[in-house]
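Asker: Residue numbers (full-length UniProt numbering), protein chains in the order written: chain A, 1 to 265; chain B, 1 to 265.
Even glycine gets a Cβ: it sits at the ideal position worked out from N, Cα and C.
Input: one structure, supplied below.
Protein chains: 2
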Amino acid sequence: MTVKQLSMPELVDACLELGVPGVGLWREPVRTYGLEATAKLIRDAGLTVTTLCRGGFFTAIDPAERTKALDDNRRAVEEAATLGTEVLVLVSGGLPAGSKDLHGARERIADALAELGPYAEQHGVRLAIEPLHPMYASDRCVVSTLTQALDLAERFPAHQVGVTVDTYHIWWDDRAPAQIARAGAGGRIHTFQLADWTTPLPEGVLNGRGQIGDGAIDMREWKAYVEAAGYTGAIEVELFNDGLWARGGREVLAETAERFVQHVL
Amino acid sequence: MTVKQLSMPELVDACLELGVPGVGLWREPVRTYGLEATAKLIRDAGLTVTTLCRGGFFTAIDPAERTKALDDNRRAVEEAATLGTEVLVLVSGGLPAGSKDLHGARERIADALAELGPYAEQHGVRLAIEPLHPMYASDRCVVSTLTQALDLAERFPAHQVGVTVDTYHIWWDDRAPAQIARAGAGGRIHTFQLADWTTPLPEGVLNGRGQIGDGAIDMREWKAYVEAAGYTGAIEVELFNDGLWARGGREVLAETAERFVQHVL
């Protein structure tokens with residue numbers, strides 16, 4: 001999504017050219033290019049699909065909506081397996097229209113995970129609950145902290161349900177370092193994502209994730225936390241940013257790789 | 001600030017007409033009308049000044065800036081005393097330019113409180129640290145949770161330093177109810193403010209505080225928390241909202257009073 005302006009073959013070419021060894025994919029571009037075609041393209045190029053984004057949106061109350069969401073998540077698990085990635089990132093969903101019950105919404109996520117976890121395991125896929133910044137609590141994700149994500153994940157086996165550690169969402173939280181240690185001890189850091197925090201936030205606060213090094217987050221500090229917690233998996237850079245999307249995708253990918261070397265490695 | 005389009009005399013008239021017994025003031029409009037004149041106007045009308053907003057912005061590293069900030073806060077204390085309110089609300093300040101050190105910034109707040117707390121006490125004023133929503137952590141307030149605010153406040157006597165409980169900033173936090181109990185047990189709930197959480201957030205995320213009842217927050221639930229914690233002080237409605245500011249101030253105040261009766265009482 002960081003370079004969504006690139007087609008799937010352009011993305012693969014750019015990754016190969018820049019020495020980027022893996023890529024996290026989103027379902028929509030995969031669908032556009034075709035699931036099987038994407039899987040073959042990436043495999044033939046020798047790239048790794050680090051994660052698939054995203055399942056989730058488990059907070060509906062209406063039974064028909066809940067069934068539809070679970071069906072869609074089963075398809076997401078199958079897509080992850082087809083793409084050869086072991087990790088499906090989950091964004092839990094916000095409050096249903098008119099509801100003010102955050103606690104109830106969080107409990108419905110647990111209900112959904114109880115159904116989806118074993119299905120994912122059968123397909124060799126682990127679910128990674130992503131806590132989103134509290135500014136998304138009402139309309140996107142009622143799981144706002146790594147603590148809450150782990151409280152949910154730990155009701156299930158670690159090979160079924162873990163968490164996504166994303167700097168953008170947790171950098172402000174003085175409890176997050178200890179929670180990363182908790183997640184690592186339980187084998188539940190299923191992916192590690194980076195974006196920087198820049199202000200002012202844009203209207204709707206969705207597409208203001210800052211390029212690495214442009215903002216308030218010390219990337220090396222957070223990398224050190226996940227490494228100290230035993231994480232050895234891929235590090236993903238995930239930027240939703242209208243400014244970056246308006247530029248050439250290859251140029252943005254090259255810049256991102258350069259920033260990664262400069263601020264993360 | 002909810003009806004900043006009203007002049008000070010218009011505000012007082014509207015409060016009297018609607019039966020609103022008290023008002024929280026901001027320093028800028030007080031300065032515009034004059035400090036002594038405002039104090040006399042409010043006193044003669046029989047209204048209470050519930051709080052003065054705001055002091056704070058303690059996170060600078062530069063010694064000259066720190067001195068300037070402390071001087072300004074001493075003036076704010078004096079203004080609060082002149083206005084006859086016992087509570088000065090503090091917004092702590094964000095990260096200094098170029099800094100990524102949240103912890104260091106939080107410690108500098110404690111240093112400032114150590115100087116300001118006794119000065120406030122001499123003037124009969126209590127300081128109320130306001131945790132701001134984590135979306136303001138970089139540029140406005142590095143104190144993002146009630147837990148952090150209390151960790152700071154509890155280094156000082158409760159009659160010097162307590163906290164502001166504002167629904168807008170803490171509603172997403174499942175630990176906030178327990179922290180309200182902690183604050184109440186220590187006599188540290190120095191004011192209780194309401195605003196609702198509505199989306200989409202506007203650019204810059206400053207002026208999107210929702211009218212009571214328009215958003216995701218259960219006001220009665222939070223009122224019950226502070227009451228169970230022993231709070232018996234004023235309840236303030238504090239809305240920064242471009243839509244409300246574009247309307248007639250008297251109409252907005254009437255609507256707010258109506259919403260207060262409907263959703264809070």
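Look up L95 (chain A) in the DSSP assignment and say whether it is helix, strand or coil.
Answerer: Coil, per DSSP.
Asker: Out of curiosity, what's the CA-to-CA distance linking E115 (chain B) and L206 (chain B)?
Answerer: Cα-Cα distance, rounded: 30 Å.
Asker: Do three or more CB pairs link the stretch 2-13 of chain B to the stretch 234-249 of chain A at distances below 8 Å?
Answerer: Verdict: no, contact absent.
Asker: Please report the distance separating the alpha-carbon of I189 (chain A) from that of D173 (chain A).
Answerer: The straight-line gap from Cα to Cα measures roughly 17 Å.
Asker: Measure from the alpha carbon of I235 (chain A) to the alpha carbon of each residue in A:V23, A:P9 and A:V12, then state which is nearest.
Answerer: Of the listed residues, the one whose Cα sits closest to I235 (chain A) is A:V23.
Asker: Across which residues does DSSP place W197 (chain A) in a beta bridge pair?
Answerer: DSSP lists A:R209 as partners of W197 (chain A).
Asker: Cutting at 7 Å between CB atoms, please list the residues of its own chain near A254 (chain B), excluding the five before and the five after it.
Answerer: Only L18 meet the Cβ criterion.
Asker: Alpha carbon to alpha carbon, what distance is there between Q193 (chain B) and F57 (chain A)?
Answerer: Roughly 32 Å between the two C-alpha positions.
Asker: I'd like the list of long-range same chain contacts for P157 (chain B), defined as Cβ closer than 8 Å, with 5 residues on each side in sequence excluded.
Answerer: Around P157 (chain B): G117 and E121.
Asker: Counting Cβ pairs, one atom from each stretch, are 3 or more of them under 8 Å apart for the stretch 32-46 of chain B and the stretch 66-73 of chain B?
Answerer: Judged by Cβ distances under 8 Å, the stretch 32-46 of chain B makes no contact with the stretch 66-73 of chain B, as fewer than three pairs qualify.
Asker: Let me see if you follow: with CB-CB separation under 8 Å, is H263 (chain A) close to chain B or not?
Answerer: Taking Cβ atoms only, chain B never reaches closer than 8 Å to H263 (chain A), which makes this a no.
Asker: Show which residues of chain A have a CB atom less than 7 Å away from the CB atom of W197 (chain B).
Answerer: By Cβ distance, chain A contributes S138.
Asker: Would you say the beta carbon of Q193 (chain B) comes nearer than 7 Å to a heavy atom of the ligand ATP?
Answerer: In the structure shown, the ligand ATP is absent, as is every other ligand, since no ligand is present at all.
Asker: Against chain A, does G55 (chain B) count as a neighbour if the rule is that its beta carbon must be under 8 Å from one of theirs?
Answerer: Chain A, which has no Cβ nearer than 8 Å to the Cβ of G55 (chain B), makes this no.
Asker: Taking 8 Å as the threshold (C-beta atoms), are G213 (chain A) and R250 (chain A) in contact?
Answerer: It is not a contact, given that the beta carbons lie outside the stated cut-off.
Asker: Whole angstroms is fine: what's the gap from M8 (chain A)'s alpha carbon to S144 (chain B)'s?
Answerer: So the two alpha carbons sit approximately 40 Å from each other.
Asker: Secondary structure at W171 (chain B), three-state DSSP: helix, strand or coil?
Answerer: If DSSP states are grouped into helix, strand and coil, W171 (chain B) belongs with coil.
Asker: Give me whichever residues DSSP pairs with A69 (chain A) in a beta bridge.
Answerer: In the DSSP output, where bridge partners are listed per residue, A69 (chain A) has none listed.
Asker: What in chain A is Cβ-close to residue 335 (chain B), meaning under 7 Å?
Answerer: With chain B running from 1 to 265 in the structure shown, residue 335 (chain B) is simply not present.
Asker: Helix, strand or coil: how does DSSP classify H123 (chain A) here?
Answerer: Three-state result, H123 (chain A): coil.
Asker: Would the beta-carbon of A128 (chain A) fall within 8 Å of that of V89 (chain A)?
Answerer: A contact, by the Cβ cut-off of 8 Å.
Asker: What does DSSP give as the partner residues of T2 (chain B) in its beta bridges?
Answerer: Answer is none; T2 (chain B) lacks a bridge partner.
Asker: Using a beta-carbon distance cut-off of less than 7 Å, what residues from the stretch 119-149 of chain B approach chain A?
Answerer: Within the stretch 119-149 of chain B, the residues whose Cβ lies closer than 7 Å to some Cβ of chain A are H133, P134, M135, A137, S138, D139, S144 and Q148, listed in chain order.
Asker: I'd like to know if the stretch 176-185 of chain B and the stretch 218-232 of chain B are in contact, where contact means that at least 3 CB-CB pairs between them fall below 8 Å.
Answerer: These segments touch.
Asker: Applying the 10 Å Cβ sphere with the 16-neighbour rule, what's the burial state of R126 (chain A)?
Answerer: When all chains shown are included, R126 (chain A) counts as buried.
Asker: Does the Cβ-Cβ distance between E78 (chain B) and V30 (chain B) come in under 8 Å?
Answerer: No, they are not a contact pair.
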